[in-house]
Amino acid sequence: MSLNYISTSYPPTAVTASIAGSFNGPHELYLVIAKHHRIEMYLVTQTGLKSRLHFNVYGKITNFAKFRRRRSKDMLIMLTDSMVLSILQYDGENNTFITLCSCCIGDRVKRTDLYDPILKVDPTQQYALVRISMGVIKLISLDMRMNGSLNIYDLRINELYAIDVDFLVSQASHHLHIGVLYKDRLSRNFRSYYVRIRDKELINGIFAVPYVEEEACLILPVHSTDGGVIILGRTCVSRVSDKGVRTVTPPQIKGEELIVVGCQIGSRRRYTYLLADSDGNLYVLSVGDAILLSYMGNVAYPSSLTYVDNGVVFIGSALSDSQLVRLLKEPENGCCVRIIDTFVNIGPIVDMEYLESYEHDLPKLVTCSGVDKWGSIRVLTNGVKIKELAKFPLSEQRAVFSLKLKYPGSGNDDSLLITNYNSTFVICENEGRFSRCHTSCFIQDAYTLYAGNVVNSQVLQVTELEVRLIDVQKTGINFSQKFSQKIQAVSCNGWYLMLASFNKVNLFSISHVLEPQATYAFEYQISSLAVSTFTRFESRQSATSPYCPNILAISFWKHAKIAVYSLPNFQFLAEDLFDDRNLIKSIQFVEFASDAMYLFAALTTGELYVYELSNQANLLSKRYKTHIGTYPITLVPFRPSGSSISKELVPGNHLLTYYPPLGKQHVFICTDRPALIHYRVFKISFSYTNKHKIESFCTYNSPRFNNCVVLLTNDDITIGQIGPHSSCGVLTVPIFEAPRKIAFQPESSVFGLVTVRTESNLLRKKYMNSPMSQRPISLRCEAVKEVPIQPNNVDKVDISSLVVIDANTYDPICVYTFPLFEIGCSIASFSDPSLGVPFLAVGTGIITDVSEEPSQGRVALMQLYNRDLSVYAQYSTHGPVYDMLCKGNKMICCISHSVTVLTVRSDNTIMCISQISNNVTSLFCKSLDDILIVGDLVRGLSVFQIEESNSELRLIAKLDQLNWITSIECLDSKTFLFTNIDGCVFLARIEPPSEDSTSQVIDLKIDMCFNVDQQVNVIKKGTFTRNTTRDKLIDNKHSIMFGTSSGMIGTLIDIPEPWDSTLEFLQKQIINHLESVGDIDYDIWRSNHCGRYSTAKMKMIDGDLIDGMIHSNLSPFKDIISQIPEQFSSDISIEKRLDQITAVVGELSRSHLN
């Protein structure tokens, strides 16, 4: 087995940097957020943030800064952790960033600073400083040279441990003023330097303040005439200026956590700053004749603080959800902060558990996310879950339509029209109960192609040979017309109707009758059609009504092609021919946004063609193909929330006092694997549902069934409520303490969660005074064992607990609290058939008074009975149990420097049956069949074989080249996956020993290396991807998922020949064609560079790179595909090659949750 395709299933969510600026001119304000290697750009509007752009950068972004010189808009400075500094300019017309210049500012011989990198811009907007190395400040001139390069100067300072550095106000134009907060062996101090601009030399500045507060960590320059700086400590605020040093101790400072971030928010009368400490406490500091500090409230953990405008602040967080808040002048609910919006952050992912999909459920990934009081459980599902509210049997029906038959209507649906091939009937709802509606207005002895509300309080019904308009108010027939030829396709928008009979189409306007508007005859018989009124489509002839459709798409039975015409004059615009002979079943135009217009063409084979109508010169030039199911597809546009139709189409709409606005446009795909198409962040996404074999679909909104949908199968009708309309639904379960490990017990359908909470006498009172839902999850149950804390104990201690959580509701069932100084380290589900009941096996570490590290531990079997946890058996260990797994009736544990095999005896005691002690620190263990792999802190990876007779462990292979392993997984008996602390993913393989080898232990060979540039904490087998095609192009049953510290979830898939060589060739060509933002080399970024072992990127296909190229621009992609020599024969056209490749990539992208 060889995993050779890697993709991002869920993008990183931890915010590392943020900045606000006018990047597209002085009249537009943007917020730019960096989430590890991903940049998201939002336009600031009166109604909130509007997403404008998102893209990936080849490297982790650590700092942002902005400057403006002789321009009307701001330039963006970006610094990555690989020491690449780039200056970017936003191009509003093309909605992209242009790299003006880029250079690596790192030193070949350097000593990396102990603190995070610092990037600042001086007040004159001419220079920037960067602190990345100890004792060195890099001064960068922002006056770019003609060749796009920068002048960089190294300024060496004697202060090696510089905590914070910033520009201060300089009174002389020929000097720059720099302030440095540093520490030496005795204390923390502050001093300033002048930089002579002429020769870039350092001279002593005017400030030198020894012995500032011991825990001072932040300086804020004061841009006033007298200059100066503010030094922020744990409890003190110091103002340093020409007049001396003034220190105050504001009582509002909590004094428990350090102030870590700050930004200036005002400078009119007084210089005002916004501050936040590591506990989320938000302050406003005002500096003038006096120093005033005001407490605002408690927010998310702040990694970055950006003042947007008008009292709105963005709080970016790497450890909790990021927030957009508004500062208030008057307090609300005890604080002066109002949360406007929340940005989900599932990082850092400490542990996770994968749950397979069941018959009526979706695959789930449950993660342990966050730290301390921001800890939570996140439940991720790939797709949309439809919750059943009502269901009744009704067999052999083929279509269903929702109607509004009451007059005057309230805007709600009240009836359903159901039809099969030779009959039609209507059922009406009355207080949540449906009954048959006996009315003679509808055609009842024919198959209904379309039914829906139209203008003038009417209902339109179209059968194969007749069209009827029914007056809702009078309950009578207004108009009826029969046709000699059978109607084969219908499209209606409520004001206009398009009918297709054989090769002829007729356009009608709807009033109280059908008024013919246009007729056109084609050469071949029509199979399907769709009309629409696109707001940005330039029609060749002006329409008489704003509701008149201006574009027509049509397909034919004889030729596999789509043709597009303008209306009402039927002027030919474009066509697209298919190489295959598949028939087109359904066509739909969808306008997700004013700049997002798409045409979908569904085939009878379960395939779907997607056209992006962005190029009006050639509308059908941008297309790609994807697989949805194996049955014929029917496309149904709908609006899951808000109003489903316009107000003008509601019966008696003039009597309505309020009518909700139209909801966002979506498309439901009716097939054997139903799915949703929705638009999110400039890209359409496909989300499968938990239903199967849907024949027809419609929306239904009534007081009893609010925002529901109706699903018609061959056997029944279901009314359900649709879940979140995104490809990834994230359910957040706050637990208000740090989650450590999680395990799923399928026999009891519960999760075992190991948590750690910080506690003291003061915090215990705070917890107990909080509402039950806001307490730590280990304190929510009624009978909780309290750990005694000494009355005079003012220091905080860590209390560990085992919490049993219901797998369906995620509510705590019971809690077991470990004694003081015993911390839960690992957990697994243990089921021995001889014992008869399942257990939760928990491994702990016990800290003694002798050492701060755990020197003892235990393995405890916890039994859940009658909503209570009890210890069934336990085993004391000589070290912490870092990891454990259960294999049959045995427990394999990583205990300190050893690997131990335990079993439960008949007298209900735990016994050690095997042990091997040749490790330094055994951290991880995984097994498959009789193979066990162990990850060690220093000694890399070891492979053992478990003897079947006595469970002895025999070392058969090892890898000592790499250490600091963070996660491992066993793929098969000879292939193993592991990651290191540098963020690299390795695939190691057992190679047959050479003939002259005498050693019984084989050295593992690294077969693959790929740098994801972030620490991988956990690896699990599983996938969100499902095979949906008859051919099964990609077999993903061996897929692997991993979670990182930044909240990213990645997927590894095994791609067979010849597709792996084809995609690898495409990747190389894409890298050559693609211009990266920041001009960072892709191959260097994806290679591993650690101290002992370095290797280039080997045998790995980057799915994000290929998928992004296909969805962005296909014009250069066609040139690349034409160069593939092996996969396709020469007689296959470029379009056919493109369809096959996009189908494969589209199937692989089902694992993408973003």
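Residues in the sequence shown are numbered consecutively from 1418, following the working numbering.
Even glycine gets a Cβ: it sits at the ideal position worked out from N, Cα and C.
Where do the N-terminal and C-terminal ends of the alpha helix (DSSP H) with residue i fall, by residue?
{"i": "Leu2180", "result": "2178-2186"}
{"i": "Asn2489", "result": "2476-2490"}
{"i": "Ile2501", "result": "2499-2502"}
Taking the straight line between their C-alpha atoms, what separation do you get for residue i and residue j?
{"i": "Lys2042", "j": "Ser1945", "result": "19 Å"}
{"i": "Asn2225", "j": "His1640", "result": "56 Å"}
{"i": "Pro1429", "j": "Phe1760", "result": "12 Å"}
{"i": "Phe1818", "j": "Ser1901", "result": "25 Å"}
{"i": "Tyr2096", "j": "Gly1509", "result": "21 Å"}
{"i": "Glu1618", "j": "Gly2495", "result": "30 Å"}
{"i": "Asp1726", "j": "Arg2356", "result": "53 Å"}
{"i": "Asp1659", "j": "Val1586", "result": "12 Å"}
{"i": "Gln2557", "j": "Leu2480", "result": "12 Å"}
{"i": "Arg1743", "j": "Gly1733", "result": "14 Å"}
{"i": "Ile2419", "j": "Tyr1475", "result": "36 Å"}
{"i": "Gly2508", "j": "Ser2368", "result": "Note that Gly2508 scores 49 on pLDDT, short of 50, meaning its location in the model is unreliable; the coordinates nonetheless yield the value given after this. Roughly 37 Å separates the two Cα atoms."}
{"i": "Glu1380", "j": "Gln1506", "result": "Only positions 1418 to 2571 of the chain appear in this structure, which leaves residue 1380 out of reach."}
{"i": "Ala1906", "j": "Thr2074", "result": "37 Å"}
{"i": "Phe1951", "j": "Leu2066", "result": "19 Å"}
{"i": "Met2328", "j": "Ile2488", "result": "57 Å"}
{"i": "Ala2277", "j": "Ser2195", "result": "18 Å"}
Output needed for residue i: all residues of its chain with C-beta closer than 7 Å, excluding positions within five of it in sequence on either side, in chain order.
{"i": "Cys1521", "result": "Met1500, Val1501"}
{"i": "Val1704", "result": "Val1639, Ile1647, Arg1656, Arg1687, Tyr1688"}
{"i": "Ser1959", "result": "At Ser1959, the pLDDT of 48 sits below 50, so the modelled position is not reliable and the matter cannot be decided from this model."}
Residue i: which of the options sits nearest, CA to CA?
{"i": "Thr2392", "options": "Thr2149, Ile2382, Lys2375", "result": "Lys2375"}
{"i": "Phe2238", "options": "Ala2018, Ser2218, Leu2257, Ile2264", "result": "Ile2264"}
{"i": "Ile2062", "options": "Leu2522, Gly1828, Lys1790, Val1646", "result": "Gly1828"}
{"i": "Gly2260", "options": "Ser2251, Leu1420, Leu2252, Gln2273", "result": "Gln2273"}
{"i": "Ile1574", "options": "Lys1600, Arg1469, Ile2558, Met1561", "result": "Lys1600"}
{"i": "Arg1919", "options": "Cys2342, Met2185, Tyr1937", "result": "The displayed chain sequence assigns Phe, not Arg, to residue 1919. When only C-alpha atoms are compared, the closest one is Tyr1937."}
{"i": "Pro2583", "options": "Tyr1544, Val1582, Thr2074", "result": "This structure cannot settle anything about residue 2583, because the visible part of the chain is limited to 1418 through 2571."}
{"i": "Cys2401", "options": "Gln2378, Val2429, Leu2388", "result": "Val2429"}
{"i": "Thr1462", "options": "Lys1452, His1453, Lys1477, Ser1439", "result": "Ser1439"}
{"i": "Asn2107", "options": "Ile2501, Asn1799, Thr1513", "result": "Asn1799"}
{"i": "Ile1620", "options": "Asp1643, Leu1637, Thr1642, His1591", "result": "His1591"}
{"i": "Asp2215", "options": "Ile2240, Thr1841, Leu1466", "result": "Ile2240"}
{"i": "Tyr2282", "options": "Gly2253, Val2298, His2295, Lys2307", "result": "Gly2253"}
{"i": "Leu1496", "options": "Ala2277, Thr1516, Pro2068", "result": "Thr1516"}
{"i": "Lys2343", "options": "Gln1681, Leu2319, Lys2304", "result": "Lys2304"}
{"i": "Ile1835", "options": "Ala1977, Gly2467, Arg1815, Val1884", "result": "Arg1815"}
{"i": "Asp2249", "options": "Asn2306, Tyr2233, Cys2242, Gly2296", "result": "Asn2306"}
Excluding the 5 residues flanking residue i on each side, which residues of the same chain have their C-beta closer than 6 Å to its C-beta?
{"i": "Ala1482", "result": "Ile1494, Leu1536, Val1538"}
{"i": "Asn2444", "result": "With a pLDDT of 46 at Asn2444, under the threshold of 50, the modelled position of this residue cannot be trusted; read the value that follows with caution. Contacts found: none."}
{"i": "Leu1947", "result": "Contrary to the premise, residue 1947 reads as Ala rather than Leu in this sequence. Ser1908, Ala1970, Ile2004, Gln2005, Phe2006, listed in sequence order."}
{"i": "Leu2349", "result": "Phe2361, Ile2363"}
Is it the case that the CB of residue i approaches a heavy atom of the ligand ATP more closely than 6 Å?
{"i": "Glu2008", "result": "Inclusion of the ligand ATP in the displayed structure is not the case, the ligand content being empty and no account of it being possible."}
Give me, in chain order, the residues of the same chain whose beta-carbon lies closer than 8 Å to that of residue i; leave out the 5 immediate sequence neighbours on both sides.
{"i": "Ser1832", "result": "Ser1819, Leu1820, Lys1821, Leu1822, Val1843, Ile1844, Cys1845, Glu1846, Cys1854"}
{"i": "Val1629", "result": "Leu1598, Ser1604, Arg1605, Asn1606, Phe1607, Ile1648, Gly1650, Ser1655"}
{"i": "Lys2213", "result": "Thr2175, Glu2176, Ser2177, Leu2180"}
{"i": "Ala1693", "result": "Ile1676, Val1677, Val1678, Gly1679, Leu1699, Tyr1700, Val1716, Pro1719, Leu1722, Ile1732"}
I'd like the span of the beta strand (DSSP E) that includes residue i, first residue to last.
{"i": "Asp2133", "result": "2133-2139"}
{"i": "Asp2581", "result": "Because the chain here runs from 1418 to 2571, residue 2581 falls outside it and cannot be looked at."}
{"i": "Gln2417", "result": "Counting along the chain, Gln2417 falls outside any beta strand (DSSP E), and DSSP gives it neither H nor E."}
Kindly indicate if chain B contains any beta-carbon less than 7 Å away from that of residue i.
{"i": "Asn1829", "result": "Judged by its chain identifiers, the structure shown contains no chain B, having just a single protein chain."}
### Task
Pick out the complete alpha helix (DSSP H) segments inside the stretch 1699-1769, 4 residues or longer, and give them in chain order.
none
### Query
Enumerated in chain order, which unbroken segments of the alpha helix (DSSP H) with a length of 4 residues or greater are wholly contained in the stretch 2279-2304?
Within the stretch 2279-2304, no complete alpha helix (DSSP H) run reaches 4 residues.
### Message
Could you tell me which whole beta strand (DSSP E) segments of length 3 or greater appear in the stretch 1574-1631?
### Response
1578-1585, 1592-1600, 1605-1613, 1618-1629
### Message
For a minimum of 3 consecutive residues, which ranges assigned as the beta strand (DSSP E) are wholly contained in the stretch 1982-2058?
### Response
Segments of the beta strand (DSSP E) lying fully in the stretch 1982-2058: 1988-1994, 2001-2010, 2013-2020, 2024-2029, 2040-2044, 2051-2055.
### Query
Taking the runs of the beta strand (DSSP E) that are 3 residues or longer, which of them lie wholly in the stretch 2312-2377?
2315-2321, 2327-2333, 2339-2345, 2348-2353, 2358-2363, 2370-2376
### Message
Suppose only complete runs of 3+ residues qualify. What are the beta strand (DSSP E) ranges in the stretch 1439-1500, listed by chain order?
### Response
1447-1452, 1455-1462, 1465-1473, 1478-1484, 1492-1497
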